[in-house]
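Protein chains in written order, with my numbering: chain A, 10 to 251; chain B, 10 to 251.
Here a beta-carbon is modelled for each residue, glycine too, at the ideal position from N, C-alpha and C.
These figures come from a predicted structure and were not determined experimentally.
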C-alpha cells in the first residue's frame, strides 16, 4: 500500500522502495527508472530459497511495467521462481570514480535502479516463444527474424520468467567531487575518473559463409561506443519510447 | 558441511554454492574466485529483511578470506546486518556479447563470483578506522596516508561490515560463439563484440591549489585502461598476491 501520493507516471513509494540514504538521489518516476533499466543488459536478482539469499546475475529486459529474464529450465533460481517468488532486481551503472580530499568524501558517480515484484514462470508456449524473440530483438533490433528458428526442444529447455514491477526506485549520483569547504585548500590531489562500459571491434565468426552482410540492426554497434547508449537505443528501436 | 573432498586452496562445495547449470563453467579454487573479486570495485549484495529480498550495489574489497563493505550507519541494509545476517555477495564482469545463429545459442562471455557468509558489523573503532584506510588503499594504493585524516564524527557516521567467505564459487564463460554444427553453414551473421569497462581521462578538481602533483599510486590510472585490470593491480600492490 503506497504511503505517499502517487502520480500515474511514478511508482508508488513505500517502506520497501523508499530511498532512505541520501534521499535527494532518489527517483520514482517511470521515465527515470526505465532509462536506467533500459540502458543495461545485465541485472542482479536477489531471491530467497529456504531462508538463504542468493544474488544471481542475468540478462534481462523490460516491456512496459514487466521485467523478463530467462534461463535453463533446470536452474535452481528458475525452478524456485516457478511458484511465484518475491525478488528484487537491481541494475547498476558505474559512471565515475570520485577521489576527494578525505576518505569520507570519496565516492562514485552511478545510476542504479531497484525493482520489487513477484517472479512467475511464463507457462504458455506461444507467449514464451514471443518473449524469447523479444529478448533477442530488444538487444539486437530485428535479429529474431534473421535467425534459425527455435526448435521445440530448445523452447522446452528454456524457462522465461516475468515480473510485474510493483515498486521501483532509481538512485543517481552525478556530482563528482564534493569536499568539505575547508578541505579544498589542502594540497591533496583530487580528481574524477569517468568510467564507461564500451564495446570493441566485432569479431565475425570465421566459419561464416562468404558474403553474409552485417544486418542493419547492428549498425549502432560501432567500436568504442558505450554499451549503455547502444542498449537504450536498441530498446527504443524495438519497443518505442514506452 | 562440505559434501565433496576439499583442497586447502579451494572453497568447500555444498548444495549452496555448487554451480548446477553448465557446471563445467564452475570454479572453486581460491585463486580463481579471488581474481574475479579483486578485479571489481562494485558488487551486488542479496539479503533478507522480514522475508523480503533486497539486492544492493556497493563498493567492496577482499582481504584474505574476508570481504568488507561500508556505508552510512543509518542505512537499512547496514542496520539489518548488525545482527549477523546471511548474505550472498556477487561480482560480475561482462566480457563480450555473443551473437550466434540461433536464439538459443546467443550468450555473453562473463566472469562472475558468488560468495556466501554472515555479515557482521566491525564494532571496534580502531579496526573500523584501519578497514576504511584499507578500502581507500585497495582502490588507490598509498592514498589513505595522503588524505585529510578522518574525524571522529565521520568514523561514527560510517559502518563497516565484514563477512568471512564460508563458501564461494566462480563461473566463467569465455568461449565466444558456440553454434550447433549444422547451423554454421547458414547465411546468418554471427559475431562476438568484446565488452570492457574503461576509465577516461582524469578530471582534476578545478579548486586544487597550483602545483599539487599526481600521486604515484595513480600512475596506473591512464585513459582508456580497463578498470578490472587497474583494480586487480591496485589490490596486489596493496595486499600482495594473497
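With 8 Å as the threshold, decide whether the Cβ of residue 203/A is near any Cβ in chain B. Within the first chain, numbered from 1, the residue matching residue 203/A stands at position 194. Residue 203/A belongs to the set of residues whose beta carbon lies under 8 Å from a beta carbon in chain B.
Return the bridge partner residues of residue 71/A from the DSSP annotation. The count along the first chain starts at 1 and reaches residue 71/A at position 62. Residue 71/A is bridged to 76/A.
What are the residues of the region 178-206 of chain A that lie near chain B, defined by any Cβ-Cβ distance shorter than 7 Å? 186, 192, 193, 194, 195, 196, 197, 198, 199, 200, 201, 202, 203, 204, 205 and 206
Chain-ordered neighbours of residue 115/B on chain A, where CB pairs are closer than 7 Å: Start at 1 with the first residue of the second chain, and residue 115/B comes out as number 106. Within 7 Å Cβ-Cβ: 145.
Whose C-alpha, out of 57/A, 69/A and 65/A, is nearest the C-alpha of residue 45/A? For the purposes of this step, residue 45/A is identified with residue 36 of the first chain, where counting begins at 1. It is 69/A whose Cα lies nearest to the Cα of residue 45/A.
Can you name the residues of chain B whose CB is closer than 7 Å to the CB of residue 153/A? As a first step, residue 153/A is located in the first chain; it is residue number 144 there, counting from the start. Simply 112.
Which value, in whole angstroms, describes the spacing of the CA atoms of residue 128/A and residue 218/B? Locating residue 128/A in the first chain gives position 119, where the first residue counts as 1. Locating residue 218/B in the second chain gives position 209, where the first residue counts as 1. Spanning the two alpha carbons is a distance of roughly 54 Å.
Which same chain residues end up closer than 7 Å to residue 246/B when comparing Cβ atoms and leaving out the 5 residues on each side of it in sequence? Position 237 of the second chain, counting from 1, holds the residue named residue 246/B. For residue 246/B, the CB contacts under 7 Å within the same chain, skipping 5 residues up- and downstream, are 150 in chain order.
Three or more beta-carbon pairs under 8 Å between the region 191-205 of chain B and the region 144-162 of chain B, yes or no? No: fewer than three Cβ pairs fall under 8 Å.
Between residue 69/B and chain A, is any beta-carbon pair separated by less than 8 Å? Here residue 69/B corresponds to residue number 60 of the second chain, with the count starting at 1. Not an interface residue.
By Cβ distance below 8 Å, which residues in the same chain neighbour residue 185/A in space, the five residues on each side in sequence not counted? Stepping through the first chain from its first residue, residue 185/A is reached at position 176. If we look at residue 185/A and ignore the five residues flanking it on each side, its Cβ neighbours are 105, 107, 118 and 201.
Taking the alpha carbon of residue 232/A as the reference point, which residue from 120/A, 224/A, 169/A and 206/A has its own alpha carbon closest? Taking the first residue of the first chain as position 1, residue 232/A is located at position 223. The option with the nearest alpha carbon to residue 232/A is 206/A.
Mind checking residue 12/B: buried by the 16 CB within 10 Å criterion, or exposed? For the purposes of this step, residue 12/B is taken as the residue at position 3 of the second chain. At residue 12/B the pLDDT is 49, less than 50, meaning the model places this residue with poor confidence and gives no usable figure here.
Can you give the Cα-Cα distance for residue 248/A and residue 121/A, rounded to whole angstroms? Within the first chain, the letter at position 239 stands for residue 248/A. Within the first chain, the letter at position 112 stands for residue 121/A. Taking the straight line from one Cα to the other gives about 22 Å.
Out of 158/B, 59/B, 172/B and 77/B, state which residue places its alpha-carbon closest to the alpha-carbon of residue 24/A. Stepping through the first chain from its first residue, residue 24/A is reached at position 15. That would be 59/B, whose Cα lies nearest to the Cα of residue 24/A.
How would you write the range of the beta strand (DSSP E) that residue 182/A sits in, first residue to last? Counted from its first residue, the first chain places residue 182/A at position 173. It spans 176-182 - the beta strand (DSSP E) in which residue 182/A sits, taken as one unbroken run.
Counting Cβ pairs, one atom from each stretch, are 3 or more of them under 8 Å apart for the region 32-43 of chain B and the region 172-181 of chain B? yes
Burial state of residue 250/A, where buried means 16 or more other Cβ atoms lie within 10 Å: Mapped onto the first chain, residue 250/A falls at position 241. By the beta-carbon neighbour count (other beta carbons within 10 angstroms, threshold 16), residue 250/A is exposed.
Distance check for residue 135/B and residue 239/A, CA to CA, integer angstroms please. Your numbering for residue 239/A matches position 230 in the first chain. Your numbering for residue 135/B matches position 126 in the second chain. If you take the alpha carbons of residue 239/A and residue 135/B, they lie about 46 Å apart.
If you measure from the beta carbon of residue 141/A to each beta carbon in chain B, is any gap under 8 Å? Position 132 of the first chain, counted from the start, is the residue given in the question as residue 141/A. Contacts with chain B at 8 Å (Cβ-Cβ) include residue 141/A.
If the cut-off is 8 Å on Cβ atoms, which residues from the region 36-62 of chain B count as contacting chain A, listed in chain order? 50, 51, 53, 54, 55, 56, 57, 60, 61 and 62
Any beta carbon from chain B within less than 8 Å of residue 77/A's own beta carbon? The sequence position of residue 77/A within the first chain is 68, counting from 1. Contact with chain B is absent for residue 77/A, since none of that chain's Cβ atoms lies less than 8 Å from the residue's Cβ.
Which class does residue 160/A belong to by DSSP, given the choice of helix, strand or coil? Here residue 160/A is taken as the residue at index 151 of the first chain, counted from 1. Coil, per DSSP.
Looking at the unbroken beta strand (DSSP E) that takes in residue 48/A, where does it start and where does it end? By one-based count along the first chain, residue 48/A stands at place 39. Premise fails: residue 48/A is in no beta strand (DSSP E) and is neither H nor E.
Could you name the residues of chain A that residue 268/B contacts, counting a contact when the two beta carbons are closer than 9 Å? With chain B covering 10 to 251 only, the question about residue 268/B has no answer from this structure.
Below 8 Å on the Cβ atoms is my guess for residue 169/A versus residue 244/A; work out the distance and round it to an integer in Å. By 1-based counting over the first chain, the position of residue 169/A is 160. By 1-based counting over the first chain, the position of residue 244/A is 235. So it is not a contact: roughly 18 Å between Cβ atoms.
When burial is assigned at 16 or more other CB atoms within 10 Å of the CB, is residue 65/A buried or exposed? For the purposes of this step, residue 65/A is taken as the residue at position 56 of the first chain. Buried: at least 16 other Cβ atoms inside 10 Å.
Evaluate residue 225/A with the Cβ neighbour count: other Cβ atoms within 10 Å of its Cβ, from every protein chain shown; 16 or more gives buried, anything less gives exposed. By 1-based counting over the first chain, the position of residue 225/A is 216. Flag for residue 225/A reads exposed.
Burial state of residue 22/A, where buried means 16 or more other Cβ atoms lie within 10 Å: One-based indexing of the first chain puts residue 22/A at position 13. Buried: at least 16 other Cβ atoms inside 10 Å.
Supposed close pair residue 56/A, residue 62/B - CB separation, criterion 8 Å: Within the first chain, residue 56/A is the residue found at index 47, counting from 1. Within the second chain, residue 62/B is the residue found at index 53, counting from 1. Contact between residue 56/A and residue 62/B holds, with the beta-carbon distance rounding to 5 Å and staying under 8 Å.
Applying the 10 Å Cβ sphere with the 16-neighbour rule, what's the burial state of residue 67/A? Your numbering for residue 67/A matches position 58 in the first chain. Per the 10 Å Cβ criterion, buried.
Cβ pair residue 290/B, residue 144/B closer than 8 Å: Absent from the structure is residue 290/B, since the part of chain B shown begins at 10 and ends at 251.
Is it the case that the Cβ atoms of residue 115/A and residue 223/B are separated by a distance below 8 Å? Within the first chain, residue 115/A is the residue found at index 106, counting from 1. Within the second chain, residue 223/B is the residue found at index 214, counting from 1. Taking 8 Å as the Cβ cut-off, residue 115/A and residue 223/B do not qualify as a contacting pair.
What would DSSP say about residue 250/B, mapped onto helix, strand or coil? Indexing the second chain from 1 puts residue 250/B at position 241. Looking at residue 250/B - three-state DSSP - the assignment turns out to be coil, as it is neither helix nor strand.
Verify whether the separation of the beta carbon atoms of residue 49/A and residue 102/A is less than 8 Å. Start at 1 with the first residue of the first chain, and residue 49/A comes out as number 40. Start at 1 with the first residue of the first chain, and residue 102/A comes out as number 93. Yes, Cβ-Cβ distance for residue 49/A and residue 102/A is below 8 Å.
Using the C-alpha atoms, what's the distance from residue 166/A back to residue 210/B? If you number the second chain from 1, residue 210/B lands on position 201. If you number the first chain from 1, residue 166/A lands on position 157. Between residue 210/B and residue 166/A, the C-alpha separation is close to 46 Å.
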